[in-house]
Amino acid sequence: MAPHLTVVIPVYNEESIIASAAEELRQGLEARGLDYEIIFAENGSRDATPAILEELCAKNPRLRWFHSETPNYGVALKAGILKARGTYVICDEIDLCDLTFYDAALPRLERGEADMVVGSKAAKGASDQRPLIRRAATRVHNKLLKVALGFQGTDTHGLKAFRREALLPVIQKCVVDMDVFASEFVIRAWREGLRVVEIPIQLQEKRQPSIHLFKRVPNVLKNVGKLFYVIRVRGT
């Protein structure tokens with residue numbers, strides 16, 4: 001039978017924290033009595049991450065993983081969502097796994113108050129403990145989305161919870177990959193008239209980013225430009 005909740009986590013070269021983070025998340029979900037599955041969307045790892053995931057998933061049938069040869073956060077996340085079987089889906093990050101977000105988001109979905117809940121790093125009441133340069137990058141990215149695509153929220157990247165049935169048609173329309181896929185997913189849900197609710201989160205990462213911030217900039221600009229053309233010019 002399909003579980004109540006699917007957690008999808010993209011992973012790339014995470015051998016240092018994957019086992020401990022997975023166990024911490026598993027214990028938290030068990031303590032809450034949730035019927036769940038966790039899908040690890042491993043993409044392009046060159047360390048021991050695949051071997052560790054193979055061992056973890058062999059020991060626990062609630063854990064699943066799949067491999068993509070090329071490092072691509074957006075492609076991996078989208079594939080993981082499409083593999084999800086739960087009534088509700090949470091897109092998490094291996095260096096976060098913040099169960100307080102689950103506690104706040106799931107009841108809103110279950111009560112029918114929202115179709116998607118976004119954990120915002122920039123909303124009033126949020127606490128973002130990342131380095132200043134990364135906090136500034138989030139503000140710049142969100143401003144770019146507002147100007148280019150008319151987005152009215154405060155954040156698109158990071159923790160998201162949603163009703164799978166309501167959001168699957170939105171996923172099918174998404175056209176970009178890498179980091180900007182997460183932004184497109186939220187923006188399309190909002191533009192489709194679905195009930196997208198933001199809640200503030202307390203953000204403190206467990207390790208340094210696996211990909212350097214400035215290496216992401218060219219692809220972000222390219223994909224935001226593609227989204228502007230597809231959504232604002234072509235209207236699709």
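Just so we're aligned: 45 in UniProt numbering is position 45 of the sequence shown, and the numbers increase by one with no gaps anywhere. Note that the Cβ used here is the ideal one computed from N, Cα and C, for glycine as well. All figures in this text were calculated on a predicted structure; none of them were measured in a lab.
*With 16 other Cβ atoms within 10 Å as the buried cut-off, status of P10*: With 16 or more other Cβ atoms within 10 Å, it is buried.
*asked:* DSSP three-state label for D103, please.
replied: Note: D103 maps to helix in three-state DSSP.
*Are P200 and K124 close, meaning C-beta to C-beta below 8 Å?*
Yes, Cβ-Cβ distance for P200 and K124 is below 8 Å.
*Kindly provide the ranges of any alpha helix (DSSP H) runs that are 4 or more residues long and lie completely inside the region 89-163, ordered along the chain.*
Secondary structure remark: continuous alpha helix (DSSP H) runs of at least 4 residues inside the region 89-163, in chain order: 99-110, 132-149.
*Taking Cβ positions, are C97 and E15 nearer each other than 8 Å?*
Contact: no.
*Give the secondary structure of Q204 by DSSP, where H, G and I count as helix, E and B as strand, and everything else as coil.*
Per DSSP, reduced to three states, the secondary structure at Q204 is coil, with no helix or strand assignment.
*Tell me, which residues are paired with P10 by DSSP?*
Under DSSP, P10 shares a beta bridge with A41.
_Quick check on A51: buried or exposed, where buried means 16 or more other Cβ atoms within 10 Å of its Cβ?_
Per the 10 Å Cβ criterion, exposed.
*In the DSSP assignment, what are the bridge partners of V233?*
Answer is none; V233 lacks a bridge partner.
*asked:* Can you check which of these residues, V175, L56, V180, is closest to L221 by C-alpha distance?
replied: For the residues V175, L56, V180, the minimum Cα distance to L221 belongs to V180.
_Whether F151 touches M116 by CB criterion (8 Å)_ = No, the Cβ-Cβ distance between F151 and M116 is not below 8 Å.
*asked:* Could you compute how far the alpha carbon of F66 sits from the alpha carbon of E205?
replied: F66 and E205 have their C-alpha atoms some 24 Å from each other.
*Using only alpha-carbon positions, find the residue among P107, L63, A31 that is nearest to A41.*
Among P107, L63, A31, the Cα nearest to that of A41 belongs to L63.
*So does the region 80-92 actually touch the region 130-142, counting three or more Cβ pairs closer than 8 Å?*
The region 80-92 vs the region 130-142: no contact.
*Around the Cβ of N60, are there at least 16 other Cβ atoms within 10 angstroms (buried) or fewer (exposed)?*
Looking at its Cβ environment, which holds fewer than 16 other Cβ atoms inside 10 Å, N60 is exposed.
*asked:* Which residue wins for smallest C-alpha separation from C174, given the options F228, R32, E198, R195?
replied: Residue F228 holds the alpha-carbon nearest to the alpha-carbon of C174 among F228, R32, E198, R195.
*Going by the beta-carbon positions, is the gap between I94 and I39 smaller than 8 Å?*
Between I94 and I39, the CB-CB gap reaches or exceeds 8 Å.
*Going by the CB atoms, is the gap between L106 and A182 shorter than 8 Å?*
No. Outside cutoff.
_Between the alpha carbons of E184 and E55, how many angstroms are there, rounded?_
The straight-line gap separating the alpha-carbon atoms of E184 and E55 is approximately 34 Å.
*Could you have a look at S20 and say whether DSSP puts it in helix, strand or coil?*
For S20, the secondary structure class from DSSP, reduced to helix, strand or coil, is helix.
_Run of the beta strand (DSSP E) containing F66, from where it starts to where it stops_ = Membership of F66 in the beta strand (DSSP E) is indicated by the continuous run 63-68.
*Do the CB positions of V170 and R195 come within less than 8 Å of each other?*
Cβ distance not < 8 Å, so V170 and R195 don't count as in contact.
*Have a look at R216 and E192 and give me their C-alpha separation to the nearest angstrom.*
Distance between R216 and E192, taken at the CA atoms: about 28 Å.
*Spatial neighbours of R236 within its chain, please: CB distance less than 7 Å, with the 5 preceding and 5 following residues excluded, ordered by chain position.*
In the sequence as presented, Arg is not what sits at residue 236; that position holds Thr. For T236, where only same-chain residues beyond five positions count, the Cβ hits under 7 Å are V230.
*Helix, strand or coil for E192, going by three-state DSSP, please let me know.*
Three-state result, E192: coil.
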